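Everything below concerns the one structure shown next.
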Amino acid sequence: MNRDTREVPLILLGLGNIGGTLLRQILETRATVAERTGLRLVPIAAADVSGLLYAAEGLPEATLTAALEATQDGGTLAALVGQRLLPGARPLADLPTVLQPGAILADLTASPKTAPTLHAALAAGCGVVLANKIPLAGPWDEAAPLLAHPRLRYEVTVGAGLPVIQTLHDLRDTGDAITLIEGCVSGTLGYLCAELERGVPYSQAVAQARALGYTEPDPRDDLSGKDVARKALILARTAGWPLEEHHLTVEPLCSEALAGLSIEAFMAAAATLDAAYAARVAAAQTQGNVLRYIARVTPEGSAVGLTAVERDGPLGALRGPANYIALHTARYQPLPLALSGPGAGREVTAAGVLSDILELARRMSNV
Ligand SMILES: NC(=O)c1ccc[n+]([C@@H]2O[C@H](COP(=O)([O-])OP(=O)(O)OC[C@H]3O[C@@H](n4cnc5c(N)ncnc54)[C@H](OP(=O)(O)O)[C@@H]3O)[C@@H](O)[C@H]2O)c1
Numbered sequence: 009m010n011r012d013t014r015e016v017p018l019i020l021l022g023l024g025n026i027g028g029t030l031l032r033q034i035l036e037t038r039a040t041v042a043e044r045t046g047l048r049l050v051p052i053a054a055a056d057v058s059g060l061l062y063a064a065e066g067l068p069e070a071t072l073t074a075a076l077e078a079t080q081d082g083g084t085l086a087a088l089v090g091q092r093l094l095p096g097a098r099p100l101a102d103l104p105t106v107l108q109p110g111a112i113l114a115d116l117t118a119s120p121k122t123a124p125t126l127h128a129a130l131a132a133g134c135g136v137v138l139a140n141k142i143p144l145a146g147p148w149d150e151a152a153p154l155l156a157h158p159r160l161r162y163e164v165t166v167g168a169g170l171p172v173i174q175t176l177h178d179l180r181d182t183g184d185a186i187t188l189i190e191g192c193v194s195g196t197l198g199y200l201c202a203e204l205e206r207g208v209p210y211s212q213a214v215a216q217a218r219a220l221g222y223t224e225p226d227p228r229d230d231l232s233g234k235d236v237a238r239k240a241l242i243l244a245r246t247a248g249w250p251l252e253e254h255h256l257t258v259e260p261l262c263s264e265a266l267a268g269l270s271i272e273a274f275m276a277a278a279a280t281l282d283a284a285y286a287a288r289v290a291a292a293q294t295q296g297n298v299l300r301y302i303a304r305v306t307p308e309g310s311a312v313g314l315t316a317v318e319r320d321g322p323l324g325a326l327r328g329p330a331n332y333i334a335l336h337t338a339r340y341q342p343l344p345l346a347l348s349g350p351g352a353g354r355e356v357t358a359a360g361v362l363s364d365i366l367e368l369a370r371r372m373s374n375v
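The opening position of the sequence shown corresponds to residue 9 in the working numbering, with each subsequent residue numbered one higher.
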């Protein structure tokens with residue numbers, strides 16, 4: 009190890025799509041990262057719901073590789089932890105005992121239960137990086153201490169690898185006044201809108217998105233608009249507007265009437281919505297418009313839902329999982345500061361988390 013290289017202990021919570029990809033990126037880029045930044049990333053703990061692997065001096069590469077193999081394709085660490093095949097395998101409940109000052113904990117789960125761990129990590133002197141939106145999108149009183157904490161970063165919670173959150177902070181730090189945030193922040197719903205525009209029936213577009221792995225196993229988790237609403241709250245709060253859930257109006261991209269059905273029954277019943285969505289697409293087209301699922305966020309509140317936009321405008325031109333986010337400010341007007349690019353995907357999201365980890369490590373050592 010280079011004498012000038014500083015070790016950064018990492019604790020990875022969640023080894024799914026993003027956690028697994030991040031761990032692989034860390035293993036593949038460790039030498040480059042150390043050479044370029046002087047920081048050597050050392051995973052000391054990795055966990056999923058089934059258990060925790062821990063080694064104070066850093067988990068051996070063979071253990072990390074075994075963890076990656078065990079968790080790919082939806083598997084869990086259970087086989088490694090439960091059978092105690094690896095040194096350092098423990099129950100998840102031991103997590104608080106592995107927290108140490110200077111370490112960085114990354115929440116790569118989609119769990120509503122990690123907030124106590126995040127607070128414990130910050131209290132123990134750790135840095136925290138979130139891919140998980142849920143802790144930042146609950147009641148303001150609970151989210152505010154996390155959002156304001158100097159040792160917490162959450163760039164990928166909106167727009168995946170696009171630097172939306174950092175840009176909002178930079179605008180505020182330089183005294184600009186944000187007035188409106190508007191955009192498409194769901195790759196999944198963006199794909200659906202583009203398919204509807206091509207004339208694909210709603211039920212078929214949903215089935216395609218599900219088959220391509222763009223949706224959650226239950227597509228209604230995306231169609232409900234809840235994920236976009238969480239992002240709208242995070243954008244608002246980062247802009248300095250302490251909005252609560254009741255300040256949002258959310259139009260789901262499905263019908264409340266289909267909410268109680270099993271997944272299979274919902275997929276079968278989705279065709280009952282084909283005509284209604286086809287009619288909305290046609291009505292927009294007669295005005296030269298297309299439909300996009302848009303979040304519009306102001307200091308007073310946020311509207312999330314299907315909106316007719318100009319076909320040739322930046323929102324109308326979006327395809328597939330692309331996101332577009334326009335930041336209107338006192339200085340950026342009439343043209344907003346706009347960010348566009350992939351708003352989802354394992355590689356770009358994990359790389360965004362990695363970038364947050366490096367930035368936090370630099371700040372924590374005042375480099
Ligand atoms: N995919 C994207 O493009 C993207 C973009 C931006 C942000 N995100 C966010 O990134 C997060 C991860 O997404 P993903 O697609 O990787 O999800 P995922 O594949 O479902 O992985 C989640 C992981 O978290 C683990 N987990 C759940 N609860 C836990 C707990 N309490 N303690 C420890 N581990 C726990 C799960 O373990 P088990 O497998 O054992 O249940 C699993 O390993 C989500 O919050 C998502 O919204 C994703």
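The C-beta atom is built at its ideal place from N, Cα and C for all residues, glycine as well. Keep in mind that this is a model prediction, so the values were computed, not measured.
How about residue i: is its Cβ closer than 7 Å to a heavy atom in ligand 1?
i, result
"G353", "yes"
"D81", "no"
"T315", "no"
"L116", "yes"
"L21", "yes"
"I333", "no"
"N297", "no"
"D102", "no"
"T105", "no"
"V57", "yes"
"T71", "no"
"K234", "no"
"T165", "yes"
"A168", "yes"
"S119", "yes"
"I26", "yes"
"A244", "no"
"A277", "no"
"T84", "yes"
Using CA atoms only, rank isn't needed, just tell me which of the options is closest to residue i.
i, options, result
"P209", "A286, P260, G22", "A286"
"A291", "S58, V317, T79, L100", "V317"
"A358", "A55, A215, N140", "N140"
"A311", "F274, V193, S348", "V193"
"L30", "L368, V356, E367", "V356"
"T196", "D230, D181, L204, V164", "D230"
"G59", "L85, E65, H157", "L85"
"S348", "V166, A145, G135", "V166"
"V50", "T37, D56, V57", "T37"
"V361", "E15, L20, R14, T13", "L20"
"R288", "G309, L176, T315", "T315"
"I8", "I173, M372, V298, E367", "Limits of the chain in this structure are 9 at one end and 375 at the other, which puts residue 8 out of reach."
"R304", "R206, A265, P104, A237", "A237"
"A283", "C262, M372, R370", "C262"
"T306", "A185, P109, A145", "A185"
"L281", "S270, N297, P260, V298", "P260"
"G198", "E77, A278, N331", "N331"
Which residues mark the beginning and the end of the beta strand (DSSP E) in which residue i is found?
i, result
"P17", "14 to 21"
"G49", "Per the sequence shown, the amino acid found at residue 49 is Leu instead of Gly. Note, L49: beta strand (DSSP E), 47 to 56."
"A101", "It is not in any beta strand (DSSP E) - A101 carries neither H nor E in the DSSP assignment."
"T315", "310 to 318"
May I ask which residues mark the beginning and end of the alpha helix (DSSP H) holding residue i?
i, result
"V208", "Note, V208: premise wrong, no alpha helix (DSSP H); not H, not E."
"L60", "Careful: L60 lies outside any alpha helix (DSSP H), inside the beta strand (DSSP E) at 59 to 62."
"T71", "69 to 79"
Inset, instruction - Kindly provide the ranges of any alpha helix (DSSP H) runs that are 4 or more residues long and lie completely inside the stretch 227 to 307, ordered along the chain. - result: Qualifying alpha helix (DSSP H) stretches, in chain order: 228 to 231, 234 to 247, 271 to 277, 282 to 294.
Inset, instruction - Can you check the stretch 330 to 370 for any alpha helix (DSSP H) of at least 4 residues that lies completely inside it and give the ranges in chain order? - result: Listed in chain order, the alpha helix (DSSP H) runs fully inside the stretch 330 to 370 amount to none, counting runs of at least 4 residues.
Inset, instruction - Can you check the stretch 105 to 188 for any alpha helix (DSSP H) of at least 4 residues that lies completely inside it and give the ranges in chain order? - result: Secondary structure remark: continuous alpha helix (DSSP H) runs of at least 4 residues inside the stretch 105 to 188, in chain order: 123 to 131, 148 to 155, 172 to 181.
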